[in-house]
Each structure stands twice: as structure tokens, then as C-alpha cells.
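Taken in sequence, the protein lines are chains A and B. Numbering of the first sequence is given in the numbering used here, commencing with residue 60 and proceeding in unit increments. Numbering of the second sequence is given in the numbering used here, commencing with residue 1223 and proceeding in unit increments. This report refers to the structure that appears directly beneath it.
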Amino acid sequence: MSEQISKKFHRVVEETTLIRRLLIAITVMFLALVLLLPLALVFFEALSRGWNAYWESFADPDAQAAIWLTLVVAGISVPLNLIFGVAAAWAVAKFEFRGKSLLITLIDLPFSVSPVVAGLIYILLFGAQGVFGKWLSAYNIQIIFALPGIVLATIFVTFPFVARELIPLMQEQGTSEEEAALTLGASGWRMFFTVTLPNARWALLYGVLLCNARAMGEFGAVSVVSGHIRGLTNTMPLNVEILYNEYNAVAAFSMASLLAMLAILTLVAKALLEWHYGNELSGRGAH
Amino acid sequence: MGMSYLVGGRIDCVCRFGNEGVVVEIKISGVTRNYGATPALRGIDLDIRSGELMALLGPSGSGKTTLLRVIAGLEAADRGNVLFGGQDATSLPVQKRNVGFVFQHYALFRHLSVFDNIAYGLRCRPRSLRPSAKDIRGRVLKLLELVQLEGLEKRFPTQLSGGQRQRVALARALAVEPDVLLLDEPFGALDAKVRKDLRRWLREIHERTGQTTIFVTHDQDEAIELADRVAILNKGLLEQVGTPDEVYDDPETAFVMSFIGETAKIKAEVHEGAVWVNGGKVPISPPDTLTGDVELYIRPWDLRPVGLDEPAHLEGIIRSSRRVGNVRRAQVSLDDNNAVEIDLPLWSTIEIGAPVNLAVTRARFFEK
Chain A
60 MSEQISKKFH RVVEETTLIR RLLIAITVMF LALVLLLPLA LVFFEALSRG
110 WNAYWESFAD PDAQAAIWLT LVVAGISVPL NLIFGVAAAW AVAKFEFRGK
160 SLLITLIDLP FSVSPVVAGL IYILLFGAQG VFGKWLSAYN IQIIFALPGI
210 VLATIFVTFP FVARELIPLM QEQGTSEEEA ALTLGASGWR MFFTVTLPNA
260 RWALLYGVLL CNARAMGEFG AVSVVSGHIR GLTNTMPLNV EILYNEYNAV
310 AAFSMASLLA MLAILTLVAK ALLEWHYGNE LSGRGAH
Chain B
1223 MGMSYLVGGR IDCVCRFGNE GVVVEIKISG VTRNYGATPA LRGIDLDIRS
1273 GELMALLGPS GSGKTTLLRV IAGLEAADRG NVLFGGQDAT SLPVQKRNVG
1323 FVFQHYALFR HLSVFDNIAY GLRCRPRSLR PSAKDIRGRV LKLLELVQLE
1373 GLEKRFPTQL SGGQRQRVAL ARALAVEPDV LLLDEPFGAL DAKVRKDLRR
1423 WLREIHERTG QTTIFVTHDQ DEAIELADRV AILNKGLLEQ VGTPDEVYDD
1473 PETAFVMSFI GETAKIKAEV HEGAVWVNGG KVPISPPDTL TGDVELYIRP
1523 WDLRPVGLDE PAHLEGIIRS SRRVGNVRRA QVSLDDNNAV EIDLPLWSTI
1573 EIGAPVNLAV TRARFFEK
């Protein structure tokens, strides 16, 4: 009797083998066409004139400046977003306050706003003709077409990543462990560093990884505020575009290959994290 | 009756306090707490004596957990005071109250081992008061022995059963030598067998440590079996405080009467200084203030079946019966709206639909 039920049950839930294989085949083909093929082409083109040409393209001082600038921008914006993300997630997950849902919506804003618009906002605020333009130039402070503008645009685009990873986890974990720490005499800071942070560490790392990948790869918003000054305000993605427009395919794809490798590394790290700490990341871990 | 057990506990108390009599450890006066427009506590006055094991009993939403959290300092009272040993602790933050709190779902630190969980509170102490690493180790191992978890100090919370986690949580709370131990539904998440064992074991630990303890429960059996005194809450108000015997045998309100122990509520009439149910006179004397329609509360064991030709107080028909513990409990309908329950010996043969005459040995009124 129960066997009959389970057989029926299987038939309802599972598609026939044929359909299942077909679905998998379509997915794999689509992925190959849209993702794997272009990725392979990046490396193929970068190495089309051999290893020497590949390495030489990085000897260009402008290329080195672009790599350095990208590292600096990520080095500033990722830690800032780490702090912001933890603070926002902490506030949303552990406290009740008015306007909480508005805050959650605002955190998601960068996902829905075109990065170009994000860049334009900063031009309108800090550009020569912008709201604060006169004041800034009076004090000789340069934001647009300089590092601060690039960092601001990057922060805008990447700020949801850490908060988005942490909020569901922290909500799931609740506040009783924190309360336990308080009853045992821990101060607020001690509670945060010995209970809250360790409990969220893998989700935090995961969020930072994604945030970093996006910070290094951001094009649109940065393109608007950078001004494309060679050797000064070109990040790696911007440099790829310039080199490509100059028909310097090998150099363009060499630079692109670095970004591609960053992406692959991020994915591998992400997969490893999910594999090892899947339960903790989703907050389903028993306690 | 288990009297010797209780008497033993009392003698212990007397010895501890000598001539001072009862020492009040915690005094709660006029505590009020609202959640938005919803009142959770509406003016609670309660004394908790030093060394006693007190139960806060009530249905869900009665405010018992809120009261516990106000005592701990995890929640602030809107009005009223909490005194610890005569000192006003109302504005004292939770860290300074020196309470041990055991959470309903244990709230063990999931990334720390059993050892580090128990040592957490000692390591939080300011340097001047912190025991040495060696002393902490000794203390933790001693506590593990007390909660019967020797050898499990390297385990993580996920590697323990529910009952073991609860015991780690208790050891963690005891490690800081709290003035008072607070437990929120300590056995709520455990299965019946483990519950019973832990109950007995908690009572034993209390006897041994003499720790002032307050626990929250919605389970009246648990409160009656475990506590020295029971405080019964309903809708944010304290209904009654007393020993298990007092709240069980002399309930002061209708709520306590129906919440603790089995009770049937039937309609009765008071006139000519007597109580009448369906024309039958019940042998209790009503208070002078009561006349007309009243509600009568009767325990199953305060009813006794009598022969059909004997004079009876109530007449009814047996509708059904079921086994409850060591007796057979029968439902007897007196008329369309009134029914009572009676306890009969297991060996008695019960005929469904048969008429039965009942004598009332005890019944109660409550003024509204």
C-alpha cells in the first residue's frame, strides 16, 4: 500500500528521464554559449600572440597604474562597506524601530538603480556645476575625476552585498545568544566581538568576497565619474575599454583576463564556503 | 504524601536563616510593562525569598516570561521597582545584576565548546575579579560534574542532545555565582521522559546549592511538583502566590481553581441561605453577599457516587469515561448545560447512559 503511494508520489514529483535530461542539456548549452565560451575567448585572445606579449602588456605604466588604482579603490570601499553592512544588518536584524522596512528598501536601492545613474548623481552633487561644486573648488577639493569620486561611486554600487548576506542569517539566529552573553556580564562590545561576529563570520566573508569582486569589476558608475585620465583615474575595467577601442586586443584581453581570474577565484572561494559552511551561511545551523 | 521530603527542605531553610526568619532576596513592587498598547504586566507585587524555588505559572500571554525578563534586566519596567537584597536594581543594566539566566532554547554559544560556554561568564569579569585560567578550569570541571556531563567539555552544542544542552546552559548560568537563577520554560523543548528526569534533577541541584531560583512554566504539574511556592499570573496580573498545597487546595480565584487541577463549573442558585442545583440542595453555606444565579466549582475528587435510593445532592447520567493516571474519570451530565466529572476506581464497571446520584463533599464559589 505504502509502496503504491510512494510510486505515485514519485511520478507526480519527478519528470520522466527524457525531459529531465533535456532540461539539463538546455541549461548546459545555454551556460556554455553565454558564459563559458566568452570566458575561454578572453584567455584565448589574451594569449593569441604568446606569453611574452601577454606579460608585456602588463609592463605598460598605464596598465600598472590601472591595476594599482583598482586595488586602492577596492581597498578603501570594501572595508567601508564591511562596516556599513555589519551596522545595517545588526540594526535590521536585532532591533525593532520605525522605518525599518524603508531602510531595507534603501539598502537594495543600488541593485535597482542603473550604475550610470549612480555615477551621474555624484557628478550632480560634486561636479564643477554641481550642488557642492563651488564650495569644493573654493577649498581646492577634487572629488569628481579623481580617486574620491571613484571610491564614492564604487561604494554606492557595492554597499548592499555585505548587508544582504548578513541580514537573513542574523534574523534567523535571533538575539538570545547575545542576551545570554549580557546576562553573563559581557559588555556590548565584548558581546559583539565574541558572539555576534563569530556567529556571522562565514556569511560575512562571503559578502566581502562578492563585494570585492563587484568593486574591482564595476564599470558604469566609475566610468561616469572617472574622467578616463590615463595613468591617473583609469581602473582596470576602464583600461580594458580604452585598450580595446585602440585596437590593442592583446593588451585589452590580458587586462580582462585578470578580471576574469578574479571572478573565477571568487566563485571557487564561494563554492568552498558553501560546501563547508552551507548550514551556517543559510542560518539553518542547529544550535 | 511525600511529606518527609518537603519537611526536609523546610528544616534546611530554617537552619540557614536562623532567627532572622525569612530573608527576601528579590522584591518586586508595582511593576508594569506594556508592549505598545498591549499591557503585559499590570502592577505586579511579589517577594522572592532567599533560597526558595519559585515558579511563575500562567498560560501563554499571561506575562510570566516578561516578568522574568524584567527581573533579569533584559527588559525595562515602565513603572515599578525591582529590589535585589534591599538595593534598588530597577535601573541597573543586565550585566550588573548578577543573575544567571537559562533561556528556553538554551542559547548556547554555537561556535564555542561546552568548556568555553561555561567559562564565558568568568572570562567576562574585569581583570581584578577574574579567576586565573587554572581556577576557571577547575570551576568549569566542577560544574560539569554537578550537571553530570563529565568528559564532554570539548564537544560543541550541536553535538549534544536537548537535555545535555539544557544542562550546559544551567552550568553556564551557575558559573558566575549568581544571586538568583532565572529559568525561562526550562523544560519546554524536551520530550516527556527527559522532562521528568530533569525536573527531579533540578530539584536535587536546588536542594544541594540552596540557590534562589525562579522558573517560568505553563505546566501546572511542573510548578506544583518542583516549586516551594507558585505565583500564578493571568493577563498581566498576579492571581495568587502560595505553596503548592495552598494554590491547589485553597485557590483564591476562579482562574486559579480552573487552571490548577481538574475543575467542573456548574450553574447554581442561591436562595433561602442554601445552594441549589436543579432543585437539589448542595450542603455548603453560601456567603451572605451571594444571592441568585452563581457559579459553583467542583473538583472530580470532591464528588462521590451514592446508591440510587440514597439521598443525593446531584443527579445525572454518565456520558463517557476515560482513564486518567490511576483512576477512571467519568463525565456526568446534570442537565443540558451542566456537567461534572467524577473519579472512580479503575475496577469499577461504568455503564454509559446509566443514571448516577452524587454526594458533594466540597464545592467553592468565587466572587467576581
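Backbone N, C-alpha and C define an ideal beta-carbon position, used for all residues, glycine too.
- At the C-beta level, B:Y1342 and B:F1325 stay beyond 8 Å of one another.
- The distance from the Cβ of A:L162 to that of A:A319 is about 35 Å, inconsistent with a contact at the 8 Å cut-off.
- Taking 8 Å as the CB threshold, B:Y1519 stays off the interface with chain A.
- Per DSSP, the unbroken alpha helix (DSSP H) holding A:V137 starts and ends at P120 to K153.
- The Cβ atoms of B:Y1519 and B:T1485 lie closer than 8 Å to each other.
- Shortest Cα-Cα distance from B:L1455 to any of B:F1306, B:V1292, B:V1478 and B:D1406 involves B:V1478.
- Burial state of A:F117 is exposed, judged by a 10 Å Cβ sphere holding fewer than 16 other Cβ atoms.
- Ranked by Cα distance from A:A311, the first of A:A122, A:G109, A:K193 and A:F89 is A:A122.
- Check the Cα spacing between A:A259 and each of A:I226, A:A105, A:A125 and A:A197: the tightest is with A:I226.
- Close to A:S235, with beta-carbon spacing below 9 Å, are these residues of chain B in chain order: F1325, Q1326, H1327, Y1328 and A1329.
- Residues of the segment 1303-1320 of chain B that bring their beta carbon within less than 7 Å of a beta carbon in chain A comprise V1316 and Q1317, in sequence order.
- For A:V281, the enclosing alpha helix (DSSP H) starts and ends at G279 to S285.
- For chain B, the residues of the segment 255-279 of chain A that bring a beta carbon within less than 7 Å of one of its beta carbons are P257 and N258, in chain order.
- Neighbours of A:S246 across chain B, judged by C-beta separation under 9 Å: Q1317 and C1346.
- Between the segment 189-206 of chain A and the segment 273-293 of chain A, the count of C-beta pairs closer than 8 Å reaches three or more; the two stretches touch.
- B:R1255 sits in a strand when the DSSP states are folded into three classes.
- For B:F1325, the three-state secondary structure derived from DSSP is strand.
- Remark: C-beta atoms of B:E1537 and B:A1552 do not approach each other more closely than 8 Å.
- A Cβ of chain A is located within less than 8 Å of the beta carbon of B:Y1342.
- Cβ-Cβ distances below 7 Å link A:A112 to V309 in the same chain, with the five nearest sequence neighbours on each side left out; the list follows chain order.
- Listed along the chain, the chain B residues whose CB falls inside 9 Å of the CB of A:E238 are R1291, A1294, L1296, V1316, F1323, F1325 and A1329.
- The straight-line gap separating the alpha-carbon atoms of B:I1574 and B:A1299 is approximately 54 Å.
- At least one C-beta of chain A is nearer than 8 Å to the C-beta of B:H1333.
- The Cβ atoms of A:T242 and A:K153 lie no closer than 8 Å to each other.
- Membership of B:T1431 in the alpha helix (DSSP H) is indicated by the continuous run A1414 to T1431.
- The contact set of B:V1402 on chain A, defined by CB atoms closer than 9 Å, is empty, because the minimum CB distance reaches about 11 Å.
- Closer than 8 Å to the CB of A:R249 there is at least one CB belonging to chain B.
- For B:V1398, at least one C-beta of chain A is nearer than 8 Å to its own C-beta.
- For the pair of segments examined, the segment 1274-1293 of chain B was found to touch the segment 1430-1439 of chain B: the number of CB pairs separated by less than 8 Å reaches three.
- Under the DSSP assignment, B:A1445 falls in the alpha helix (DSSP H) whose first and last residues are Q1442 to L1448.
- Sequence-distant partners of B:P1261 (beyond 5 residues in either direction) whose C-beta falls short of 7 Å from its own C-beta, in its chain, are G1458.
- With its beta carbon at least 8 Å from every one in chain B, A:L228 lies outside the interface.
- If the five residues before and after B:A1585 are omitted, its C-beta is found closer than 7 Å to the C-beta atoms of V1504, I1506, L1518, Y1519, I1520 and D1524, all from its own chain and listed in chain order.
- DSSP places A:Y181 in the helix class (H, G or I) of the three-state scheme.
- In the structure shown, B:H1493 falls within a strand segment according to DSSP collapsed to helix, strand and coil.
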